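**Q** The structure that follows is given in the form of structure tokens.
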Amino acid sequence: MSKILNTEESNGLVIISTQGYLNKDLGEEIQSVANEFIEKGTTKFLINLSQSNIVNSIGASIMIELIETLQEIDGDLSFCELAPIIEKTFNIMGLTKYCKTFKSQSEAIEALG
Amino acid sequence: MVSLADINQVLSKKRNLDSKLVLLREFLNENNLDFCFFSLSKTFSKRFEISNFDLLEDYHQYSFFQDKQFGQIDKETYKKLKKLSDFDLKKKGVISTIFFFKKPVALIYLFSKKKKLDQLNNICQYISFYLDSFIREFHLQSKFNDKNNVLQGKLLEIESIFKITELLNSHNQNDLYQNILIYIISTLNASKGMILIKNINSGSYDIITSMGIDEDSFQKKIIRDTKGVLRDLKNSKSTMIVDDVKNYILTEFSQANCLVSPIISQKNLHGAIIICDKETRSGYSSFDQFDLRLYDNITKKISLSFDNIVLLETLSESKKSVDNIMSSISTGIIQVNILGEIDYINTSALKVFNFDKDNVVGNHYYMVFEKNDKLISLIEKTEESKEILFESNFDIKDNNDKKHQINLTISPVFDENEKNSGVVLSFEDLSGINKVKSTFKKYVSESIVDELLENETSLELGGSEKEVCVLFADIRGFTALSEKMEASKVVYVLNNYFQSMIDVIFKHNGTLDKIIGDELMVLYGVPLKTDNDPQNAVNSAIEMLFSLENFNKKMKLEGLPKLEIGIGINFGNVVSGNIGSDQQMNYTVIGDNVNLAARLCSNAKPGEIIISNSVYNFLDDKSKFIKSVPLSVKGKSKPIDNWLYKHKISIKLQ
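Protein chains in written order, with my numbering: chain A, 1037 to 1149; chain B, 18 to 671.
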């Protein structure tokens, strides 16, 4: 079952943790949650994909859309705990050129905080 | 004064065309310039997401737009534009048409009361030039992106094929089907799917893995290849697109269409892979022929590997089963191959040597047993002689230099062509409980040892009073006999005699208390009570006499003298416990009843068994004993009633 496991905000950074297949449905769910925070003024997002083992190109393209939205407001999107296959897909789709990736959530919080 | 640099700066602020134009209009209006943008194409408006400016849908009926318009607006154009738009156009405004691939796509209009015509023309020309470039660049970028997306897609497909090939070639079969399904689903942008495999016993198909599908809805359905999608796959044996999804049970949960592929093994259908509902940004769409081609490519690989997968699974199961057996036995097993490398080591062996499996398997026994020179020599000896070697109470050192004693067997291993393929070490650890067990076996029967170890509460050690049957067996005239024999022969005869007797004693659950010279003291009822300890003792005694007959025959053949014994048995309360000094302490029994058994024994003539009343009363078959004259024994004021068995007149035991 693909879903958002948890959303937390700390020092202006919103961390969205997911579970399962990062496809259209989960991608749109992330986008929708992120948009709600963007409307409230949040610009920094971290997506923890430790519980997501696979992504398809639609899911990745939705993440690109989210990056574009955040670029418009000088925000940024980062990812942490990517499975190797997800990292490979993100690389192929050029997503990693526009966002940062971190091995662990704590490493990401330290770098982004 | 509006400069072209200012305009350029404003236009560069936003990425989207509509946003650029809105910002430009605001900027120009602030500088007393009227600005308007008209889209002349619905496609153009849609492509560039123009929402804040008019679309002149009917422009094409006016031929003048087909030509490049630039400069001050003429009367005719003014009139026509007025008809098409509500915008407050001024006659003295300037316009410029923007073309894309020779087709007019937009029109810009500019007016200012304060600007001269050439100034307006300059600004208008600059904006027109900027937008022309932007649109061309955007188009090229889009084309590039499209091509790039296609390439990315292809790259992902290739990656996926690599990954699936890797999975199929890997020896790690854990979650293999699940991983295969995940990669297929993600590569083809499907939203859900499943893999079914035929159950060889029932002939029906089981869903062995799925994603995004409620498997419970299939739980009570028997899936066969006699109907539906599986029948079609069985017949066609080729990958298919299923559009009429609602007609089949296996695809009815799909909202668009499905791709189905067979898993073929030895030309027969053995399974199927089904994926459903291709995802796009705007929702589900149908898989097309391109998807089918890729899917076919991937699934054919899986189908080709299916036999190997099944074979690997079977092998893995067998290995697991052998591992489980090997892990559960207490005997340590180490297999050494022909090159001297350790191929296998079981859990017990790891425990005895305190080894880490990763540091042992694959390494030469020279390295593994570097602390055990003698063991290395024995392995070498077996390798050379190709004969089984046994060593009892063999000392070894474990990884932490701790000493252990093992009973070791090293056997050469031969393959089906009788060619030597290494050696196997099997050993029993004699330390700890094993040592206790091994030692204990010298005194009581193996069944008692096992029962004691399994059921600790059955063991009652310590000083306590309990009912025990005590048997004494003594060799008659042995002292005189031994004086005529060589010492080594005396030992040989005695050892053989005791071995024969102790075998009988253990058979009847007796516990060897001690050997005093040529006398045996045996207990029945300790450390474990049985239903009838006196009967066991009597059965033992009678069989001991029969066993002695056989023993004597053997001795005669060897030119050695025959032995004769007398046996006394008494049953009653004794004190049991660890008796002795700090230096030496033994578990034994003491008391009047022990002494009485010894007295009965000393009164028994060769081939006789004398039992007390207390023993006689418990016998199931009393006919073998006759009442004897009461015996006066030391320590007893009254003569003791007793019963006699004479070996020669008894009926042979079965």
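Note that beta-carbon positions come from the ideal geometry of N, C-alpha and C, so glycine has one too.
Quick caveat, the model's predicted, so the values are computed rather than measured.
If you draw a straight line from the alpha carbon of asparagine 166 of chain B to that of methionine 1129 of chain A, how long is it in whole angstroms?
**A** 8 Å
**Q** Taking the Cβ atom as the reference point for each residue, do leucine 172 of chain B and leucine 184 of chain B lie within a distance shorter than 9 Å?
**A** No, they are not a contact pair.
**Q** With which residues is aspartate 412 of chain B paired in a DSSP beta bridge?
**A** B:Gln422
**Q** For aspartate 1110 of chain A and isoleucine 319 of chain B, what's the separation of their Cα atoms in angstroms?
**A** 47 Å
**Q** Between which two residues does the beta strand (DSSP E) carrying asparagine 274 of chain B extend?
**A** No beta strand (DSSP E) holds asparagine 274 of chain B; DSSP gives it neither H nor E.
**Q** Counting only Cβ-Cβ distances shorter than 9 Å, please list the residues of the stretch 1097–1129 of chain A near chain B, keeping chain order.
**A** Listed by position, the residues of the stretch 1097–1129 of chain A near chain B (Cβ gap below 9 Å) are Ser1097, Ile1098, Glu1101, Glu1104, Gln1107, Glu1108, Ile1121, Lys1124, Thr1125, Ile1128 and Met1129.
**Q** I'd like the list of long-range same chain contacts for isoleucine 350 of chain B, defined as Cβ closer than 8 Å, with 5 residues on each side in sequence excluded.
**A** Met343, Tyr361, Ile362, Asn363, Ser365, Ala366, Val441, Leu442 and Ser443
**Q** Is DSSP giving proline 1120 of chain A helix, strand or coil here?
**A** Look at proline 1120 of chain A here: in three-state DSSP terms it is helix.
**Q** Determine the closest residue to phenylalanine 515 of chain B out of B:Leu562, B:Gln552, B:Asn553 and B:Lys501, with distance taken between C-alpha atoms.
**A** Considering only alpha carbons, the answer is B:Leu562.
**Q** Would a check of beta-carbon distances place lysine 298 of chain B closer than 9 Å to chain A?
**A** It is worth fixing the name first, because residue 298 of chain B is arginine in this sequence and not lysine. Yes, arginine 298 of chain B lies at the interface with chain A (some Cβ there is under 9 Å from its Cβ).
**Q** Which residues in chain A sit within 8 Å of glutamine 169 of chain B, going by Cβ to Cβ distance?
**A** Ser1093, Ile1128, Met1129 and Gly1130
**Q** Which residues of chain A have a Cβ atom closer than 9 Å to the Cβ of isoleucine 199 of chain B, listed in chain order?
**A** Tyr1057, Asn1089, Ile1090 and Ile1121
**Q** Mind listing the chain B neighbours of lysine 1060 of chain A? Cutoff is C-beta to C-beta under 9 Å, in chain order.
**A** Asn206, Ser208, Glu296, Thr297, Arg298, Gly300 and Tyr301
**Q** Please report the residue range of the beta strand (DSSP E) in which asparagine 285 of chain B lies.
**A** Boundaries of the beta strand (DSSP E) around asparagine 285 of chain B: 285–297.
**Q** Between glutamate 477 of chain B and chain A, is any beta-carbon pair separated by less than 9 Å?
**A** Low local confidence applies: a pLDDT of 48 at glutamate 477 of chain B is under 50, so the model's placement there is unreliable, and no value is given.
**Q** So is isoleucine 413 of chain B in contact with chain A if we call contact Cβ pairs under 9 Å?
**A** No, isoleucine 413 of chain B lies away from the interface with chain A (no Cβ there is under 9 Å from its Cβ).
**Q** Taking three-plus beta-carbon pairs below 8 Å as touching, is the stretch 212–226 of chain B in contact with the stretch 301–308 of chain B?
**A** no
**Q** From the DSSP output, read off the bridge partner residues of glycine 673 of chain B.
**A** Since the first and last residues shown for chain B are 18 and 671, residue 673 of chain B lies out of range.
**Q** Output needed for threonine 1078 of chain A: all residues of its chain with C-beta closer than 6 Å, excluding positions within five of it in sequence on either side, in chain order.
**A** The residues are Val1050.
**Q** Is there a C-beta anywhere in chain A that falls below 9 Å from the one on leucine 172 of chain B?
**A** yes
**Q** So that I know if they touch, is there some Cβ in chain A lying closer than 9 Å to that of isoleucine 202 of chain B?
**A** yes
**Q** Run through the DSSP bridge pairs and tell me what valine 555 of chain B is partnered with.
**A** DSSP, once it has assigned bridges, lists no residue as partnering valine 555 of chain B.
**Q** Taking beta-carbon pairs under 9 Å, can you tell me which members of the stretch 218–234 of chain B lie near chain A?
**A** Met228 and Gly229
**Q** Using a Cβ-Cβ distance cut-off of 9 Å, determine whether glutamate 358 of chain B contacts chain C.
**A** The chain labelled as chain C is not found among the protein chains of the depicted structure, namely A and B.
**Q** Give me the Cβ distance between lysine 414 of chain B and lysine 388 of chain B, rounded to the nearest whole Å; I'm assuming they're in contact under 8 Å.
**A** 4 Å
**Q** Helix, strand or coil for glycine 1063 of chain A, going by three-state DSSP, please let me know.
**A** helix
**Q** Quick check: what's the CA-CA separation for glutamate 232 of chain B versus leucine 124 of chain B?
**A** 59 Å
**Q** Per DSSP, alanine 615 of chain B forms a beta bridge with which residues?
**A** BP columns for alanine 615 of chain B are empty, so no partner.
**Q** If we ignore side chains and look at the alpha-carbon of each, how far apart do glycine 624 of chain B and isoleucine 559 of chain B end up?
**A** 9 Å
**Q** Suppose only complete runs of 3+ residues qualify. What are the beta strand (DSSP E) ranges in the stretch 164–242 of chain B, listed by chain order?
**A** 207–215 and 222–228
**Q** Kindly say whether serine 1086 of chain A, judged by its beta-carbon, lies nearer than 9 Å to any beta-carbon of chain B.
**A** no
**Q** What residues in its chain sit with their C-beta under 7 Å from that of valine 521 of chain B, if we drop five residues either side in the sequence?
**A** The beta carbon of valine 521 of chain B sits closer than 7 Å to those of Ser557, Glu560, Met561 and Ser564, all from its chain and outside the five residues before and after it, given in chain order.
**Q** If I follow the unbroken beta strand (DSSP E) through serine 302 of chain B, where does it start and stop?
**A** 300–302
**Q** Can you tell which of B:Phe117, B:Pro121, B:Lys92 and B:Phe118 has its C-alpha closest to the C-alpha of glycine 110 of chain B?
**A** B:Lys92
**Q** Any idea which residues DSSP pairs proline 279 of chain B with across the strands?
**A** B:Ala289
**Q** With 16 other CB atoms within 10 Å as the buried threshold, where does alanine 621 of chain B fall?
**A** buried
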